[in-house]
Ligand code: NAD
Ligand code: WQD
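In this note's numbering, the protein residues as written are 34 to 371.
Listed below in C-alpha cells is the structure:
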C-alpha cells in the first residue's frame, strides 16, 4: 500500500515507518516538525537504506492539506500528528483544540475529497481517565481529565461519525498505554524538547548525566510499593500493531478500537530498578508529592488486540530499558541538528 504517516517524524511515527517499510509498503512522511527534527529522517534513511519520502505539512493549514491529497494518491493514512503534553494542554487548551481537533478535521476533509478511506489513529489510554478497575477493557467508561485527553476523545468521536456517514470509510483507533524504548539500532528514539514530562525519558536523562535525580511523584499510592503503576509498552511492539491494523482494515473492512499494552502493571520503582540494571548505573531518585492529575494504577487488558489483530507485545521491561539506554547513551543530546 501507499501510506501517508502524518506526524511520522515523531517518536512513535518514526518507529512505525521502519516497520511499514520492512513490510514492503511505500511510505510517505508528513510533518511540521513542531515536536521533532529533520535529523530523524537521516536516521531513518540509515536504518532502511533508502531516502525517506518527506512532505512538509502543517495539518492546521486546510488548503495545504486538501491540496496535498489532490496531488498524491494514498491507500491509507496513519495519523500520529498531535500535541501531547498534558500539563501544557491545561495552560494552552485552545492551542491543543486547534492543533489536534482542527488538524484532524482538515486531514479528514483532505482524505474525503481524495477518496482515501482507511485511517489508523493514535488514540490513548488517557480516554479512560481514572479507571474504575484494572485491567482496562475497551468497553470501560470513557472519561477525560485534561484538555489533551479531551482532544483524543473528541477525535475518536469525529472519526466515528465519519465512519457512520460513509460505510466505505474504515478506521482503527489504537489506544496506546505508555510507549517507551527505542529501535534496537539505537539510531532513533524519544527525544523530548525541554524537561521531559514522562518517566522513561526522565530516567534516561538522569542516567546520561543531563539531570541530577528523578523525582518520584508519590510514595503513598495504594499500590504494592506505593509508587504509580502503568503499562509500559516497547515502541517496536507498538509500531508493529500499526502494520497489523492496516492489514485488518483491508481484510475486514470494518472499524476497530483497541488497547495496545502488555497487560502488565509496572511501578515507578520497578522501572527505575530495571533501568539501573540495564544501564549498569544507579538512578538517584527522591520521593516527592504526588503530581496533580495522576492516578494510582492503569494497565490494559490487551486481549482484543490479540483476538482481532493477532498482535501481542513481545518485548519485556528489560528490553525496553536496554533499548532506551542504547538510544540515550549513543545520542546523549538527542538527534543532531540536520
Ligand atoms: P511526537 O510529538 O514525538 O510525534 C508527533 C509528531 O506530530 C511530531 O513529529 C510533530 O512535529 C507532529 N505534529 C504535531 N502537530 C502537527 C501538525 N499540526 N501538523 C503536522 N505535524 C504535526 O509524539 P509521539 O509520542 O510520537 O505520539 C504520536 C501520537 O501518539 C500522538 O497523537 C500522541 O497523542 C499519541 N500518544 C502518544 C503517547 C506517548 O506517551 N508518547 C501515548 C498515547 C498516545
Ligand atoms: C508514569 C508514572 C508518574 C515522571 C502520560 C499521559 C498519557 C499518555 C502517556 C499520551 C506515573 C510517574 C513520571 C516523573 C514520576 N500520553 N513519574 N516522575 O502519566 O501514565 O501518562 O503519558 O497520550 O495521556 O498522561 O505517564 O510517564 O508521565 O508517568 O514519578 O518525573 O511515572 O507519576 O506514575 P502517564 P508518565
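Don't be surprised by glycine CBs; every beta carbon is placed ideally from N, CA and C.
DSSP lists no bridge partner for residue 48. Judged by pairs of C-beta atoms under 8 Å, the segment 218-230 touches the segment 355-369, as three or more such pairs exist. Setting aside the 5 residues that flank it on each side, residue 351 is surrounded in the same chain by 307, 310, 311, each with a C-beta closer than 8 Å to its C-beta; the list follows chain order. The DSSP-derived three-state label of residue 289 is strand.
At the C-beta level, residue 301 and residue 260 come within 8 Å of one another. Under DSSP, residue 155 shares a beta bridge with 207. The Cβ atoms of residue 209 and residue 157 lie closer than 8 Å to each other. Residue state for residue 62 is assigned as strand, using DSSP reduced to three classes.
Relative to ligand 1, the beta carbon of residue 231 is positioned inside 7 Å of a heavy atom.
Taking every protein chain shown into account, the CB of residue 133 has 16 or more other CB atoms within 10 angstroms, so this residue is buried. Inter-segment contact for the segment 188-195 and the segment 326-343 is absent: fewer than three beta-carbon pairs are separated by less than 8 Å. For residue 173 and residue 279, the gap between their C-alpha atoms comes out near 24 Å. In the three-state scheme derived from DSSP, where H, G and I count as helix and E and B as strand, residue 89 is classed as strand.
Shown here, residue 202 sits in coil according to DSSP, grouped into three states, outside any helix or strand. Residue pairing for residue 248: DSSP places it in a beta bridge opposite 319. Taking C-beta separations shorter than 6 Å and ignoring five residues to either side along the sequence, the partners of residue 184 in its chain run 129, 133, 134, following chain order. Residues of the same chain with a CB within less than 6 Å of the CB of residue 65, apart from the 5 flanking positions on each side, are 91 in chain order. Proximity to residue 41 across 139, 341, 115 peaks at 115, based on C-alpha coordinates. For residue 169, there is no enclosing alpha helix (DSSP H), since its DSSP letter is neither H nor E.
Around the beta-carbon of residue 79, fewer than 16 other beta-carbon atoms lie within 10 Å, marking it exposed.
Of the other Cβ atoms in all chains shown, 16 or more fall within 10 Å of the Cβ of residue 299; this residue is therefore buried.
According to the DSSP assignment, residue 112 belongs to no alpha helix (DSSP H) but to the beta strand (DSSP E) extending over 109-112. Residues 169, 173 of the same chain have their beta carbon placed closer than 6 Å to that of residue 161, with the five preceding and five following residues left out of the count. One thing to note: residue 52 has its Cβ no nearer than 8 Å to the Cβ of residue 345. Residue range 265-267 is occupied by the beta strand (DSSP E) that includes residue 267.
Taken through DSSP and simplified to helix, strand or coil, residue 284 comes out as helix.
Spanning the alpha carbons of residue 138 and residue 191 requires a straight line of approximately 8 Å.
Your pair residue 109 and residue 36 checks out as a contact, with CB atoms roughly 5 Å apart and the cut at 8 Å. A direct Cα-to-Cα measurement between residue 63 and residue 245 gives close to 36 Å.
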